[in-house]
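Going line by line, the protein sequences match chains F and V.
Residue numbers for the first sequence follow my numbering, beginning at 10 and rising by one.
Residue numbers for the second sequence follow my numbering, beginning at 38 and rising by one.
From the three backbone atoms N, C-alpha and C, an ideal C-beta is built for every residue, glycine too.
All remarks here apply to the structure that follows.
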Amino acid sequence: MNGLARIFRRGNASAEIAAAPAVMAARRRGFRFQFVPMVPGAIILLLLFTAIFANLLAPFSPVGTTLADSMTPPSWVEGGTTKYLLGTDLFGRDQISRLIFGARVSLSVSLTVIILGIGLGTTIGMISGFFAGKLDSFFMRVVDMNLSFPAILIAIVMAVVFGPSFRNVILIIVFVQWARVARIMRGESLALRTQDFVTLARVAGASNRRIIMRHILPNVFPTMLVLATLEVGSVILFEASLSFLGVGIPPPQPSWGVMVADGRGQIATGWWISLFPGACIFFTCLSMNSVGDWLRDRLDPRLRTL
Amino acid sequence: MGRYIMGRAVQGLTSMFLVTIFVFGIVRLSGDPLQMLLPEEAPPEQYAEMKKLLYLDKPIVVQYWKWISRVVRGDLGTSTKLRIPVMELIGERLPNTLQLAAVAFAFTLTLGLAVGVYAAAWRGSVVDYVARGFAVMGQAAPSFWSGIIFILIFAVYLRWLPAGGKGGLSSIILPAFTLGWLPVAGVMRMTRSSMLEVLNSEYIKLARIKGVRETLVLWKHGFKNAALPVLTYTALIFIAMINGSVIIETVFAWPGIGRLVLEAVLNRDFPIVQAVVLMFSTWYILGNLFIDIGYAYLNPRIRY
């Protein structure tokens with residue numbers, strides 16, 4: 010079946026026919042509210058909007074310090090001002106502005122990692138599964154080894170050796186992430202290669218390259234999409250953890266992980282410094298995970314054990 | 038069976054070999070290993086000493102051989118900053134990490150299994166919803182942040198528990214709970230789905246028809262059959278916890294291996310880093326190996 014058609018397909022055909030009157034009735038009544046995916050979807054859209062228009066939305070510079078306003082609490086707490094709605098940190102930097110620019114950092118890191126990691130993992134997984142045999146066992150050994158490294162520790166070491174920078178953080182997370190994707194995509198293509206339509210394509214004289222691009226890829230596409238959504242949350246967490254430990258996005262760039270770390274020493278006197286950026290990470294991951302779960306149930310229920 | 042174990046063992050050894058290549062290579066990847074391994078302010082004699090120790094004038098294969106043969110004999114070098122043998126430092130810190138992981142592990146098992154079983158038995162009940170909410174939250178909350186929030190609530194406001202460091206028994210509660218949250222979520226979800234499957238089966242129905250007490254049905258007839266996938270998963274958790282300690286120990290100022298290695302990384306004290314990466318990877322690989330073999334032993338259907 011065509012991959013895109015499968016994405017927009019809902020349930021199986023007979024159920025659809027049986028449910029047709031109900032569906033028609035629902036359509037006539039118009040919009041039906043569903044908590045998932047609508048609420049988390051809206052949160053994600055809001056985040057994307059914030060990240061893209063960060064420089065228009067932020068009231069202050071995310072790195073500009075005003076030492077006189079150091080540790081101002083949020084506006085609704087005694088001592089807070091409406092000038093800084095969510096307060097300031099130790100260096101008097103406006104928290105809201107930093108959170109807004111932090112969304113840009115988090116999302117650009119995670120989207121780049123997802124594109125690179127899923128791309129690399131899918132390519133290797135498809136080639137490995139499709140050709141099977143020696144090539145497959147070689148790739149799978151590499152995957153096994155990659156998965157047997159303690160990820161966070163390896164990432165820390167690499168960050169220190171190569172130096173912390175935006176680009177290096179992305180490459181490091183891709184390095185620890187692609188293998189998981191490759192393993193799943195390999196399983197999918199391995200099952201597809203013996204299907205009739207692949208055999209027929211080969212009989213018709215299609216090249217390996219053409220079979221992979223026209224017959225395997227469209228069929229693994231829904232899985233790829235589900236994986237991509239499900240991995241965003243863990244990539245955001247990973248980036249935040251590295252930044253928290255001081256080996257991720259280098260300060261003064263406002264990464265949410267760095268902001269939580271900034272507030273750790275001030276927890277008794279300035280709870281707001283750590284609380285808000287952590288809450289941003291939490292709600293972003295929660296939204297991504299629930300949209301991912303929803304998408305998986307729709308497109309590829311076999312992945313449920315993930 | 039024997040063939041399978043042999044195959045897995047060879048695979049594990051290959052992984053180990055690659056890990057040593059990685060650990061050996063990483064300080065040489067970025068140019069001058071002396072600059073990587075020694076602090077900037079190190080005196081020239083220390084440079085000369087290190088150069089001799091690493092056999093830097095010999096070919097790289099010889100360097101690797103000399104290094105690995107020292108490692109195999111248990112000589113992991115000396116910390117360049119603290120000037121103390123690495124093994125001594127690790128020996129000092131390791132018990133603390135193991136204590137923390139053990140408490141978190143016990144907590145994960147009891148809470149995860151118990152709640153998982155009852156969430157499946159009372160599907161759709163309040164317990165089920167609370168358990169699922171707890172699990173979903175655990176998967177989205179960054180542990181370094183939830184740790185800080187717990188400190189804020191239980192140490193700063195309520196003053197029930199200490200905020201960090203290692204003191205009496207009470208000091209282990211917060212870090213262990215934080216470390217355990219994510220794995221509890223995993224165990225709970227797995228137990229629940231595994232139990233749901235088992236509870237649907239004919240022999241459970243028969244047990245109920247026979248009039249067996251519900252507790253017995255759940256634990257003896259149900260859980261015993263649902264436990265296998267969960268148990269293999271929990272074995273992995275213990276290893277993952279030791280790795281996750283890097284973050285938790287930083288948040289709670291817990292004097293364990295995780296904090297030792299993070300400080301070492303930030304101080305560029307590479308002998309310590311090499312040793313800990315090597316140690317953690319070894320546990321990881323060995324753990325995986327034993328799980329696979331144990332699983333193949335317990336479940337004859339698994340043959341690769």
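Can you pull the chain F neighbours of residue i, defined as C-beta to C-beta under 7 Å?
i                     : result
residue 318 (chain V) : 157, 158, 159
residue 181 (chain V) : 250, 253, 269
residue 177 (chain V) : 242, 291, 294, 295, 298
Measure from the alpha carbon of residue i to the alpha carbon of each residue in the options, then state which is nearest.
i                     : options                    : result
residue 304 (chain V) : V:53, V:56, V:92, V:78     : V:78
residue 70 (chain F)  : F:277, F:297, F:263, F:275 : F:263
residue 286 (chain F) : F:275, F:278, F:269        : F:269
residue 242 (chain F) : F:272, F:84, F:61, F:292   : F:292
residue 283 (chain F) : V:181, V:205, V:334, V:291 : V:181
residue 229 (chain F) : F:198, F:202, F:219        : F:198
residue 289 (chain F) : F:107, F:93, F:90          : F:107
residue 161 (chain F) : F:57, F:133, F:76, F:255   : F:255
residue 265 (chain F) : F:202, F:157, F:40, F:110  : F:110
Go ahead and pull the three-state DSSP assignment for residue i.
i                     : result
residue 103 (chain F) : strand
residue 96 (chain V)  : coil
residue 115 (chain V) : strand
residue 259 (chain F) : coil
residue 278 (chain F) : coil
residue 271 (chain V) : helix
residue 82 (chain F)  : coil
residue 81 (chain V)  : helix
residue 134 (chain V) : helix
residue 341 (chain V) : At residue 341 (chain V), the pLDDT of 46 sits below 50, so the modelled position is not reliable and the matter cannot be decided from this model.
residue 75 (chain F)  : coil
residue 49 (chain F)  : helix
residue 317 (chain V) : helix
residue 159 (chain F) : coil
residue 220 (chain V) : helix
residue 286 (chain F) : helix
residue 308 (chain V) : helix
residue 266 (chain V) : helix
residue 199 (chain V) : coil
residue 122 (chain V) : strand
By the DSSP assignment, the alpha helix (DSSP H) with residue i in it spans what residues?
i                     : result
residue 168 (chain V) : 163-177
residue 67 (chain F)  : That residue, residue 67 (chain F), is in no alpha helix (DSSP H); it is neither H nor E in DSSP.
residue 228 (chain F) : 226-253
residue 90 (chain F)  : First-last for residue 90 (chain F): undefined, no H or E at that position.
residue 208 (chain F) : 205-212
residue 186 (chain F) : 175-201
residue 182 (chain V) : 180-187
residue 248 (chain V) : Premise fails: residue 248 (chain V) is in no alpha helix (DSSP H) and is neither H nor E.
residue 194 (chain V) : Careful: residue 194 (chain V) lies outside any alpha helix (DSSP H) and carries neither H nor E.
Could you tell me if residue i is buried or exposed, where buried requires 16 or more neighbouring beta carbons within 10 angstroms of its beta carbon?
i                     : result
residue 22 (chain F)  : Confidence at residue 22 (chain F) is low in this model, with a pLDDT of 42, below 50, so its placement is unreliable and no value can be given for it.
residue 11 (chain F)  : Low confidence applies here, because residue 11 (chain F) scores a pLDDT of 42, under 50, leaving its location unreliable; read the following figure in that light. Exposed: under 16 other Cβ atoms inside 10 Å.
residue 110 (chain V) : exposed
residue 97 (chain V)  : exposed
residue 187 (chain V) : buried
residue 305 (chain F) : buried
residue 248 (chain F) : buried
residue 301 (chain F) : buried
residue 134 (chain V) : buried
residue 50 (chain V)  : exposed
residue 172 (chain F) : exposed
Could you list which residues in chain F have their beta carbon closer than 8 Å to that of residue i, in chain order?
i                     : result
residue 321 (chain V) : 157, 158, 159
residue 115 (chain V) : By Cβ distance, chain F contributes nothing, its closest Cβ being about 19 Å from residue 115 (chain V), past 8 Å.
residue 269 (chain V) : What residue 269 (chain V) touches in chain F: nothing, since even the nearest Cβ is about 13 Å away.
residue 55 (chain V)  : 154
residue 52 (chain V)  : 153, 154, 157
residue 100 (chain V) : Those do not exist, as residue 100 (chain V) stays about 17 Å from chain F at its closest Cβ, beyond 8 Å.
Along chain V, which residues have their Cβ under 7 Å away from the Cβ of residue i?
i                     : result
residue 277 (chain F) : 193
residue 246 (chain F) : 179
Can you list the residues of chain F that residue i reaches, using a CB-CB cut of under 9 Å?
i                     : result
residue 325 (chain V) : 153, 156, 157
residue 305 (chain V) : 169
residue 284 (chain V) : 161, 250, 253, 254
residue 72 (chain V)  : Residues of chain F passing the Cβ test: none, with the nearest at roughly 11 Å.
Along chain A, which residues have their Cβ under 9 Å away from the Cβ of residue i?
i                     : result
residue 228 (chain V) : Looking at the structure shown, chain A is missing, and the protein chains on hand are F and V.
Find the residues of chain V that neighbour residue i, judging by a C-beta separation of less than 9 Å, and give them in chain order.
i                     : result
residue 304 (chain F) : Simply none; closest approach about 16 Å.
residue 287 (chain F) : 178, 179, 181, 182, 183, 185, 186
residue 284 (chain F) : 182, 185, 186, 189
residue 307 (chain F) : Within chain V, no residue comes near residue 307 (chain F); the closest Cβ sits about 18 Å away, beyond 9 Å.
Please list the partners that residue i has in chain V, where partner means a Cβ-to-Cβ separation under 8 Å.
i                     : result
residue 166 (chain F) : 63, 302, 310, 314
residue 281 (chain F) : Within 8 Å Cβ-Cβ: nothing; residue 281 (chain F) doesn't reach chain V, min ~10 Å.
residue 150 (chain F) : 48, 51
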